[in-house]
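A.B. asks: Residue numbers (our numbering): 117 to 455.
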């Protein structure tokens, strides 16, 4: 496989492989990666080591999920020639750099990270936090900096991770050499926060099981959308309904192509006279049309496991080659390149 690498800036992005990806992933990050893949050298990390921080007792789940994530990547249009797609654990330099960074940050600073705080609460780790989970933001900094990433596409809830990365980079450069590490910049998703879940209360999440997946069957899509949260006060068709905070309209805005029809439906919904069944029926049509070609391509790709393995193997080898360059530079700056 010959990569079409560009001499332009580098991007680091990726996912924790804990299961198949949902439409929130597409809206929040996959679509951005597709748009960036012709403009930048893009490293896409499948962060299995980070996934193991709260799935250590079930590594087979992670192994299976890597294949699911790859099927989703390729099915939506991520090009394995234009991007370096790799598995985190296959790049030992990341783990080594993580250990070096752990000496530059204190425990209280990690604990203040709002992303960590919310995930600790969500996963019920208040009384017993796995050490690996607690320090995974430092591993994320290593992911970014070891590939000299200039840009990291994130949602607004992930900005604290980039801020912490910049702090560590600044600390390292001030101590060991100003030009050793590149200070990354966050590229905020145009959609802002992540897509809300079908429950209407939380962002779409695999752990909360409130998402529509890229791999969902037509029947599953129908069932999920029929049970979606809308406006709890819109009890009768004649009642005026709220569009803001209504996931059905949020999804229509993201995936619907007939903007005039959607605008007309919003108007009638807010005035009264348009029922939830009607708007859900239209959303079903929109999502079926969007997911149909993805589903077909995914089915075809699933028949060729060797093709997917080859992409990951070659991508991991290239990523390791690039990571080693940075680690040598880091060790040289720290004066610990002993031999």
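Glycine included, every Cβ here is placed at the ideal spot set by N, Cα and C.
Suppose contacts are defined by Cβ-Cβ distances below 8 angstroms. Is residue 161 in contact with residue 259 by that definition?
C.D. replies: Yes, the pair counts as a contact, with Cβ atoms nearer than the cut-off.
A.B. asks: I'd like the list of long-range same chain contacts for residue 297, defined as Cβ closer than 7 angstroms, with 5 residues on each side in sequence excluded.
C.D. replies: 261, 285, 288 and 289.
A.B. asks: Please specify which runs of the alpha helix (DSSP H), each continuous and at least 4 residues long, are wholly inside the segment 130-171, giving them in chain order.
C.D. replies: Correct list: 147-152 and 164-167.
A.B. asks: Please report the distance separating the alpha-carbon of residue 435 from that of residue 215.
C.D. replies: Between residue 435 and residue 215, the C-alpha separation is close to 19 angstroms.
A.B. asks: Throw me the rounded Cβ distance for the residue 265 and residue 446 pair, which I believe falls under 8 angstroms.
C.D. replies: The pair is not a contact, with the Cβ atoms about 15 angstroms apart (cut-off 8 angstroms).
A.B. asks: Give me the Cα-Cα distance between residue 137 and residue 271, rounded to the nearest whole angstrom.
C.D. replies: About 16 angstroms.
A.B. asks: Please check if any C-beta of chain E sits within less than 8 angstroms of the C-beta of residue 312.
C.D. replies: In the structure shown, chain E cannot be found, because there is only a single protein chain.
A.B. asks: As a quick exercise: from 448, 263 and 245, pick the residue whose alpha carbon is nearest that of residue 293.
C.D. replies: With distances taken between Cα atoms, residue 293 lies closest to 448.
A.B. asks: What whole-angstrom Cβ distance do residue 276 and residue 148 have, given they're in contact under 8 angstroms?
C.D. replies: In fact, because the Cβ distance is near 19 angstroms, the residues do not count as touching under 8 angstroms.
A.B. asks: For the candidate residues 211, 170 and 355, whose alpha-carbon lies nearest to that of residue 241?
C.D. replies: When only C-alpha atoms are compared, the closest one is 170.
A.B. asks: Excluding sequence positions up to five away, which residues of its chain have a Cβ less than 8 angstroms from the Cβ of residue 122?
C.D. replies: Note on residue 122: pLDDT 47, under 50, position unreliable in the model; no value is reported.
A.B. asks: Hey, is the segment 242-254 in contact with the segment 209-226, meaning 3+ C-beta pairs nearer than 8 angstroms?
C.D. replies: With the cut-off at 8 angstroms, the segment 242-254 and the segment 209-226 touch.
A.B. asks: Let me make sure I understand the geometry here. Which of 453, 140, 202 and 352 has the alpha-carbon closest to that of residue 388?
C.D. replies: Cα-wise, what sits closest to residue 388 is 352.
A.B. asks: Taking DSSP's pairing of strands, which residues face residue 267 in a bridge?
C.D. replies: 127 and 301, per the DSSP bridge assignment.
A.B. asks: Would you say residue 371 and residue 403 are within 8 angstroms of each other, going by their C-beta atoms?
C.D. replies: A contact, by the Cβ cut-off of 8 angstroms.
A.B. asks: Quick check: what's the CA-CA separation for residue 282 versus residue 453?
C.D. replies: Using only the alpha carbons, I get a separation of about 24 angstroms.
A.B. asks: Can you tell me whether residue 173 is buried or exposed? The criterion is at least 16 other CB atoms within 10 Å of its CB, across all chains shown.
C.D. replies: With fewer than 16 Cβ atoms within 10 Å of its Cβ, residue 173 is classed as exposed.
A.B. asks: Nearest by alpha-carbon distance to residue 195: which of 428, 163, 232 and 444 is it?
C.D. replies: Closest option to residue 195, Cα to Cα, is 428.
A.B. asks: Taking C-alpha atoms, which residue in 159, 245, 314 and 236 lies nearest to residue 125?
C.D. replies: Cα-wise, what sits closest to residue 125 is 159.
A.B. asks: By Cβ distance, which residues of its chain are closer than 7 angstroms to residue 354, with the 5 residues on each side in sequence left out?
C.D. replies: Once the five neighbours on either side are set aside, the close Cβ partners of residue 354 are 388 and 389.
A.B. asks: Who are the Cβ neighbours of residue 443 in its own chain at under 8 angstroms, not counting the five residues just before and after it?
C.D. replies: The answer, listed in chain order, is 209, 212, 213 and 262.
A.B. asks: Would you mind sorting residue 166 into buried or exposed? The rule is 16 or more other CB atoms within 10 Å of its CB.
C.D. replies: Buried, because 16 or more other Cβ atoms sit within 10 Å of the Cβ of residue 166.
A.B. asks: Taking only the alpha-carbon atoms, compute the straight-line gap between residue 397 and residue 130 and give it to the nearest angstrom.
C.D. replies: Those two C-alpha atoms are separated by around 33 angstroms.
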